[in-house]
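Those letters in the sequence shown? Residues 461 to 645, by the working numbering. Just so it is clear, CB atoms sit at the ideal spot from N, CA and C, and this is done for glycine as well.
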Amino acid sequence: MTAPKAGSLLVASVALADGVFDQAVVLVLDSDADGALGVILNEISQTPLDAVLADWVPVVSGPNYLFHGGPVSPNGAICLASVADPGEEPPGWRRMFSTIGLLHLDTPIEIVRGAYRDLRIFAGYAGWASGQLEQEITEGMWHVVPAVYSDVFSTRPLELWRTVLRRQNSELAFFSTWSEDVDSN
461 MTAPKAGSLL VASVALADGV FDQAVVLVLD SDADGALGVI LNEISQTPLD AVLADWVPVV
521 SGPNYLFHGG PVSPNGAICL ASVADPGEEP PGWRRMFSTI GLLHLDTPIE IVRGAYRDLR
581 IFAGYAGWAS GQLEQEITEG MWHVVPAVYS DVFSTRPLEL WRTVLRRQNS ELAFFSTWSE
641 DVDSN
């Protein structure tokens with residue numbers, strides 16, 4: 461079993477059909493002995509970004525909607541941002557992995573403009589208690605794979621589950637063609 465860490469993706473298996481994480485691709489932001497947390501990358505909420513964070517619309521990567529990050533704290537927001545200059549650590553930003561980090565939404569928009577290559581805002585997050593995620597992985601509910609930059613800021617987030625599975629160099633790639641219609645599989 462590959463242990464999840466910041467920058468890993470959790471790709472829902474076809475067996476995970478709980479109504480919350482069906483075909484989800486979750487970016488792990490933190491994972492340690494106390495538990496894990498991440499955001500769902502491939503679920504767009506029905507809330508246009510300008511309805512809740514209008515000042516941020518010009519600086520986010522499209523689409524200009526909030527993303528549904530997960531079932532925990534749905535009224536809170538998490539902003540993932542990739543710095544434009546990898547040598548910089550702008551105010552309000554904390555590196556998670558590579559050039560991607562968390563950006564505090566209280567950061568003045570004047571500081572944000574031009575400092576980031578990509579930004580995306582998520583309402584809520586996914587969280588697991590100590591040992592819970594590892595148990596779910598052992599039970600085959602999640603596949604742990606490395607993330608690439610384009611997963612985090614995908615221009616086609618609704619296709620991400622199949623895209624991530626398709627690029628795997630293992631039998632996981634076969635699941636990219638999976639259909640809910642059993643006769644089609």
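Which of helix, strand or coil DSSP assigns to residue i
i	result
residue 638	coil
residue 610	helix
residue 554	strand
Nearest-angstrom Cα separation, counted from residue j out to residue i
i	j	result
residue 501	residue 597	19 Å
residue 586	residue 470	11 Å
residue 617	residue 493	30 Å
residue 533	residue 507	16 Å
CB contact flag (residue i, residue j, <8 Å)
i	j	result
residue 486	residue 531	no
residue 577	residue 544	yes
Cβ distance (whole Å) where residue i is taken to contact residue j below 8 Å
i	j	result
residue 542	residue 571	Not really, about 16 Å apart at Cβ, beyond 8 Å.
residue 603	residue 521	At roughly 26 Å, the Cβ-Cβ gap does not stay under 8 Å, so residue 603 and residue 521 are not in contact.
residue 563	residue 552	6 Å
residue 581	residue 509	7 Å
Status (buried if at least 16 other CB within 10 Å, exposed otherwise) for residue i
i	result
residue 591	exposed
residue 566	exposed
residue 595	exposed
residue 569	exposed
residue 504	exposed
residue 511	exposed
residue 614	buried
residue 547	exposed
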